[in-house]
Amino acid sequence: MLVRLDTSAMPVTAALPPSREDGDARIAVQTRPRTKRPPLYKVLMLNDDYTPMEFVVHVLERFFGMTHAQAFEIMLTVHKKGVAVVGVFSHEIAETKVGQVMDFARRHQHPLQCTMEKE
Ligand code: TYC
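Going by the numbering used here, the sequence shown opens with residue 84, and the numbers climb by one from there.
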């Protein structure tokens with residue numbers, strides 16, 4: 084007899100087959116291969132006193148695929164609160180976005196800062 088346990092909602096320890104003292108060789112229990120979802124990272128935009136509002140709006144449109152209205156709203160949130168999450172991505176994509184924004188800001192000589200943190 085082959086038993087396939089549905090272990091999707093079980094913690095690892097509960098998903099392990101119980102040890103049998105009578106050693107019943109007729110039952111084989113398959114365990115689920117455990118795949119972990121990769122962690123996600125928030126990309127944060129920081130306020131400063133010098134970067135023009137229109138530049139930040141442009142950055143949000145260009146690198147984060149926002150509409151002009153969305154970008155303007157998020158820019159204002161950063162301006163008023165100091166920081167806002169502008170997207171959530173895999174580590175590699177988040178790193179790329181941060182690099183693109185920092186590079187673009189530096190090339191235009193604006194002090195705009197963008198960082199990432201684990202969600
Ligand atoms: N505070 C800036 C200004 O008044 C605008 C700004 C908004 C700068 C968002 C950075 O991430 C930022 N010109």
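Every residue, glycine too, gets a C-beta built ideally from N, C-alpha and C.
What separation, rounded to the nearest whole angstrom, lies between the Cα atoms of serine 91 and threonine 118? Below a pLDDT of 50, predicted positions are generally treated as unreliable, and serine 91, at 45, falls in that range; the measurement from the model is reported next regardless. Their backbone Cα atoms lie some 11 angstroms apart in a straight line.
Excluding the five sequence neighbours on either side, which residues of its own chain have a C-beta within less than 8 angstroms of the C-beta of arginine 190, listed in chain order? none
In chain order, what residues have a CB nearer than 6 angstroms to some heavy atom of ligand 1? Met128, Leu129, Asn130, Asp131, Asp132, Thr134, Pro135, Met136, Val139, Met158, Val161, His162, Leu195
Given this structure, state the Cα-to-Cα distance separating arginine 115 from valine 171, to the nearest angstrom. 29 angstroms
Straight-line gap, valine 184 to proline 121 (C-alpha atoms, nearest Å): 24 angstroms
Outcome for isoleucine 110 when other beta-carbon atoms lying within 10 angstroms are tallied against a minimum of 16: exposed
Can you grab the Cα-Cα spacing for the pair valine 142 / glutamine 153, in whole Å? 12 angstroms
Taking valine 168 as the reference, which of Asp132, Val112, Pro135, Glu200 has the closest Cα? Glu200
With 16 other CB atoms within 10 Å as the buried threshold, where does valine 166 fall? exposed
Please report how far the alpha carbon of lysine 164 lies from the alpha carbon of threonine 198, in whole angstroms. 16 angstroms
Three-state secondary structure assigned by DSSP to methionine 128: strand
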